Amino acid sequence: MTERPLTLDRPASLPNSRRAIELARGYWELTKPGIIGLLLVTTVPTMIVAADGWPKGGFVDGLVLILLTLLGGILTAGGANTFNQWFDRDIDAIMERTADRPLPSGLIQPGHALAWGVLLAAIGGVQLALTVNLLAALLAEAAVLFYVLVYTVWLKRSTTQNIVIGGAAGAIPPLVGWAAVTGEVTWTPFILFLVIFMWTPPHFWALSLKYRDDYAKANVPMLPVVSGERETRKQLLIYSVGLVAVSLLGPLGGHLSWCYETTCAISGAIFIWIAWQVWREQAPPMRLFFASIAYLFIVFAAVGLDVLV
């Protein structure tokens, strides 16, 4: 596997103002802001449930706590995502989908990207410890270490279970949000953790079906590459059923009720139906990919609304 030669002089050839904008955009893209957006969706509703309404009673104090928690989460997740792109810059250069990322395109030097990732993760952990609480900081940093060491360095290039096991890192934000409000972790945030954990495989396997040739070219053992499209479609359906089943366990934690349960049942039935269509090859995999994003939004919106209603 060879890495595309980096054209590190590209930004320097631009006018100073344009170069600064391009570099800023590059550093921003290293954090994978699209993925970080899911952090907001899963953290804030969990904090509302943990507080049984609004954190800390007063609107301003609660809003400050939410913003500080989100800031720490964004910084730590951004650091982890940056390291992921630094480590994967060789295969990103091979894959058409990722060839234009800041590192393989030559916009940012690898050493600078690595320093940026470490800085973000460190600042995020310290900020959470100082302005929220130590447990929230430790959970956020645990997510960073798991994503970096377990998923990126170990699993991604070695097993088809990379997304399954590695999904635990992206499922930690509800635990962070709950800890930020209560200073502890109970069954309700753990169930929400399991919802995201089960959501991750169908979400990413649907995407990997579309880019199967890309992953094969980069020798990344995603499920469609190793086991074929038919098996991947079957696993999509199995994990989709498992996801909906886990989501319906929410009320067992003692904080969610009929609004959440009804929403999960209806949206889950639709999600399984789409997964069934993908399995029967009556719908493109990307339909399930986009449906999974909508599903996550709906379920966690129901988490917050359940308490307010």
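With the sequence shown counted from 1, adding 4 to any position gets you the working numbering.
Note that the Cβ used here is the ideal one computed from N, Cα and C, for glycine as well.
Predicted, not measured: the structure shown is a model, and the values here were computed from it.
Boundaries (first-last residue) of the alpha helix (DSSP H) holding residue i
i: W158; result: Here W158 belongs to no alpha helix (DSSP H), and DSSP marks it neither H nor E.
i: Y151; result: That residue, Y151, is in no alpha helix (DSSP H); it is neither H nor E in DSSP.
i: A287; result: Neither: A287 is in no alpha helix (DSSP H) and is coded neither H nor E.
i: D217; result: R216 to K221
i: R23; result: N20 to L34
i: A173; result: N166 to G174
i: L124; result: P114 to T135
i: S231; result: L227 to S231
i: W90; result: F63 to F91
i: T102; result: Element bounds for T102: n/a, residue is neither H nor E.
i: L4; result: Absent from the structure is residue 4, since the part of the chain shown begins at 5 and ends at 313.
i: T186; result: P177 to T186
Local Cβ density within 10 Å of residue i, reported as buried at 16 or more and exposed below that
i: E33; result: buried
i: R93; result: buried
i: N20; result: exposed
i: I25; result: exposed
i: V311; result: buried
i: W90; result: buried
i: D218; result: buried
i: P37; result: exposed
i: F150; result: buried
i: Q239; result: buried
i: R105; result: buried
i: P9; result: With a pLDDT of 44 at P9, under the threshold of 50, the modelled position of that residue is not reliable, and no figure is offered here.
i: S212; result: buried
i: S271; result: buried
i: G187; result: exposed
i: L153; result: exposed
i: V136; result: buried
i: L292; result: buried
i: F63; result: exposed
i: A119; result: exposed
i: L12; result: Its pLDDT being 43, under 50, L12 is placed unreliably by the model, and the measurement read from it follows with that caveat. With fewer than 16 other Cβ atoms within 10 Å, it is exposed.
i: M290; result: exposed
i: G115; result: exposed
8 angstroms contact criterion, which residue i and residue j should meet: CB distance rounded
i: A141; j: A133; result: 4 angstroms
i: L252; j: E235; result: Rounded, the Cβ-Cβ distance is 27 angstroms, inconsistent with contact.
i: M202; j: V250; result: 5 angstroms
i: T276; j: V248; result: It is worth fixing the name first, because residue 276 is Ile in this sequence and not Thr. Sure, about 6 angstroms apart at Cβ, within 8 angstroms.
i: G77; j: L124; result: Between L124 and G77 the Cβ distance is about 11 angstroms, and since that is not below 8 angstroms, they are no contact.
i: G342; j: T47; result: For residue 342 there is no data in the structure shown, the boundaries of the chain being 5 and 313.
i: I169; j: F197; result: The pair is not a contact, with the Cβ atoms about 14 angstroms apart (cut-off 8 angstroms).
i: G83; j: G121; result: 5 angstroms
i: L241; j: A279; result: 5 angstroms
i: V53; j: L256; result: About 14 angstroms; that fails the 8 angstroms criterion.
i: N88; j: T156; result: 5 angstroms
i: A2; j: T80; result: Since the displayed the chain opens at 5 and closes at 313, residue 2 lies outside it and no answer follows.
i: T164; j: M226; result: 7 angstroms
Scan the stretch 246–271 and note each continuous beta strand (DSSP E) run of 3 residues or more that stays entirely inside, going in chain order. Qualifying beta strand (DSSP E) stretches: none in this window.
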